[in-house]
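Colleague: Quick one: the structure is below, questions incoming.
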DNA sequence: ATTACTATTCTACGAGTAT
DNA sequence: TATACTCGTAGAATAGTAA
């Protein structure tokens, strides 16, 4: 029988080592098998403490686990991943800040331009659209907004973004044609003083030029009266 | 092995929030001014706790600070930055892995050299030997193999290792002489295509030079016909 | 083997306060 | 104001052990 989940507030840093240890086993992508003794040994605490901490992580919905005969299968939940990503972002921000100012947010700035129409073609495939919808908080408009990156800092942030954690949609084949994997980073698009939920998408983590593609719920250009050459900012979450 | 000192050990995760808060103020690049009350408020602890934690961070060389009339100027030291980077790298690794096994091998490379014979002296104490045996999968030979680290990457990995979770053997007193705490990291020693279970031992998490000490089941030099100057690799688990 | 309970030890927190 | 001490206490960690 499932135990009742009493929502509990925990301080992530008290559990960071344990979560990282589980993550290193692969617990972010799939359930991994371990025991409280092994985990305790790994992070330098007792079996009992590991047990207690696992219980707390479970009650706070940071992990789910199934007890097997000799141990647990443990998987970090999206909530747990989000907590880890939050720490990651903080560290990224302060470790990569150059010069004096630490900006509260990581920003990618660019000017609106017109792409080759490929974005619209791909985004018109319902397999892509459905997957994007399941990853994001919105159903994207079947087209992309292209931004040309100008400043070095934006390019660097983009490169860094490519190496940072992301969701992605799976490749699929349709009518003999292969549609590849696409990585997705949820962001906000700053338009005037409005903050629009959006996502930066990119097919490849290892290559890029200075142009990026963005999807959002609406067709940005018409909905917000944006035209080529306008400068927009993307705020990473 | 150097005579172990009674130096203050801290667990980075207990101080992560505070270090991140200081980092957000810019404390990685320059000394920043703050008070214990302000820092406490920022991370949700009391002024007293912030004060105590700052003192510990200082004693562990994670920060330096100067007391002014109404607060401190605080700067995170390279050691502190390395600790933050270590957490960052861990998170980066596990959050960016795509369905694959996490298997980034961390390697420390060095050339065999002859130590001062202290290692053999310490390792000849049965209290040490017994404790090592209980922590490791083997009963160590009562002596150490010394490696001189040459490459920057090896030194960096060693520094990182020092800040990572470890087992340790407890200090003890014998015939009026104090034998200190020693930290232990199980590793593998690569000799040709053989992978020997070994352990890196070090008396101090906060200080090091470019020489490391390794223990294994056998006397490495005679068993594997190793001589001074030979280059060996240590693979961290 | 495990997990995780209870009892006990111990550490870390914050209140009060000296400087 | 500051920092940082002492100290009572809450809760975290571990030992012992049941299931």
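Protein chains in written order, with our numbering: chain L, 468 to 704; chain F, 468 to 704. Glycine residues also receive a C-beta, built at the ideal position from the N, C-alpha and C atoms. Given the structure is predicted, the values throughout are model-derived calculations rather than measurements.
1. Give me the chain F residues within the contact set of residue 554 of chain L, using Cβ-Cβ distance strictly less than 7 angstroms, ordered along the chain.
2. Return the chain-ordered list of same chain residues with a C-beta closer than 6 angstroms to the C-beta of residue 700 of chain L, the five sequence neighbours on each side being excluded.
3. So is residue 547 of chain L in contact with chain F if we call contact Cβ pairs under 9 angstroms?
4. DSSP three-state call for residue 482 of chain F: helix, strand or coil?
5. So if I threshold CB-CB distances at 8 angstroms, which residues from the region 523-538 of chain L count as touching chain F?
6. Let me see if you follow: with CB-CB separation under 9 angstroms, is residue 634 of chain F close to chain L or not?
7. Can you tell me which of F:524, F:686 and F:640 puts its alpha carbon nearest to the alpha carbon of residue 611 of chain F?
8. Of all the CB atoms in chain F, is at least one closer than 9 angstroms to the CB of residue 508 of chain L?
9. Apply the 10 Å Cβ neighbour rule to residue 546 of chain L and answer buried if 16 or more other Cβ atoms are within range, or exposed otherwise.
10. Following the continuous alpha helix (DSSP H) through residue 546 of chain L, name the residue where it begins and the one where it ends.
11. Give me the residue from F:560, F:479, F:665 and F:497 with the minimum Cα distance to residue 523 of chain F.
12. Are residue 482 of chain L and residue 534 of chain L closer than 9 angstroms when you measure CB to CB?
13. Does residue 501 of chain L pass the burial test, meaning 16 or more other C-beta atoms within 10 Å, or should it be called exposed?
14. Answer with yes or no whether the minimum CB distance from residue 561 of chain F to chain L is below 9 angstroms.
15. Could you tell me the distance, in whole angstroms, from the CA atom of residue 690 of chain L to the CA atom of residue 635 of chain L?
16. Beta-carbon separation of residue 539 of chain L and residue 581 of chain L under 9 angstroms?
17. Pop quiz: residue 655 of chain F and residue 702 of chain F are said to be a contact at Cβ under 8 angstroms. What is the actual Cβ separation, rounded to whole angstroms?
18. Would residue 531 of chain F and residue 541 of chain F qualify as a contact pair, given that the criterion is a beta-carbon distance under 9 angstroms?
19. Strictly under 9 angstroms for the Cβ-Cβ distance: is residue 677 of chain L near chain F by that measure?
20. Using beta carbons (cut-off 9 angstroms, strictly below), is residue 568 of chain L in contact with chain F?
21. For a cutoff of 9 angstroms on Cβ pairs, would you count residue 671 of chain F as touching chain L?
Modeller: Let's see:
1. Working through the first chain from its first residue, we reach residue 554 of chain L at position 87. Under the 7 angstroms cutoff, chain F gives 558.
2. One-based indexing of the first chain puts residue 700 of chain L at position 233. Closer than 6 angstroms at Cβ, skipping near neighbours: 574, 576 and 657.
3. Here the question's residue 547 of chain L lines up with position 80 in the first chain. Not one chain F Cβ lies under 9 angstroms of residue 547 of chain L.
4. Your numbering for residue 482 of chain F matches position 15 in the second chain. Note: residue 482 of chain F maps to helix in three-state DSSP.
5. none
6. Here residue 634 of chain F corresponds to residue number 167 of the second chain, with the count starting at 1. Chain L, which has a Cβ nearer than 9 angstroms to the Cβ of residue 634 of chain F, makes this yes.
7. The count along the second chain starts at 1 and reaches residue 611 of chain F at position 144. Of the listed residues, the one whose Cα sits closest to residue 611 of chain F is F:686.
8. Translated into the one-based positions of the first chain, residue 508 of chain L becomes position 41. Yes - at least one Cβ of chain F is within 9 angstroms of the one on residue 508 of chain L.
9. The residue you call residue 546 of chain L lines up with position 79 of the first chain. Looking at its Cβ environment, which holds fewer than 16 other Cβ atoms inside 10 Å, residue 546 of chain L is exposed.
10. Counting from one through the first chain, the residue named residue 546 of chain L turns up at place 79. Note, residue 546 of chain L: alpha helix (DSSP H), 545-563.
11. Counted from its first residue, the second chain places residue 523 of chain F at position 56. Residue F:479 is the option with its Cα nearest to residue 523 of chain F.
12. The residue labelled residue 482 of chain L in the question sits at position 15 within the first chain. The residue labelled residue 534 of chain L in the question sits at position 67 within the first chain. Not a contact, by the Cβ cut-off of 9 angstroms.
13. In the first chain, the residue the question calls residue 501 of chain L occupies position 34. Classification for residue 501 of chain L: buried.
14. Locating residue 561 of chain F in the second chain gives position 94, where the first residue counts as 1. For residue 561 of chain F, the answer is yes, since a Cβ of chain L falls inside 9 angstroms of its Cβ.
15. Here residue 690 of chain L is taken as the residue at index 223 of the first chain, counted from 1. Here residue 635 of chain L is taken as the residue at index 168 of the first chain, counted from 1. Roughly 27 angstroms separates the two Cα atoms.
16. Working through the first chain from its first residue, we reach residue 539 of chain L at position 72. Working through the first chain from its first residue, we reach residue 581 of chain L at position 114. Against a cut-off of 9 angstroms, the Cβ pair of residue 581 of chain L and residue 539 of chain L comes out as no contact.
17. Taking the first residue of the second chain as 1, we reach residue 655 of chain F at position 188. Taking the first residue of the second chain as 1, we reach residue 702 of chain F at position 235. Between residue 702 of chain F and residue 655 of chain F the Cβ distance is about 4 angstroms, and since that is below 8 angstroms, they are a contact.
18. Taking the second chain and counting its residues from 1, the one referred to as residue 531 of chain F is at position 64. Taking the second chain and counting its residues from 1, the one referred to as residue 541 of chain F is at position 74. Contact: yes.
19. The sequence position of residue 677 of chain L within the first chain is 210, counting from 1. Closer than 9 angstroms: no.
20. In the first chain, the residue the question calls residue 568 of chain L occupies position 101. Caution is warranted here: a pLDDT of 49 is assigned to residue 568 of chain L, below 50, making its placement in the model unreliable, and the coordinate value is therefore given only provisionally. Taking Cβ atoms only, chain F reaches closer than 9 angstroms to residue 568 of chain L, which makes this a yes.
21. Along the second chain, read from residue 1 onward, the residue named residue 671 of chain F stands at position 204. With 9 angstroms as the cut-off, residue 671 of chain F does not count as an interface residue toward chain L.
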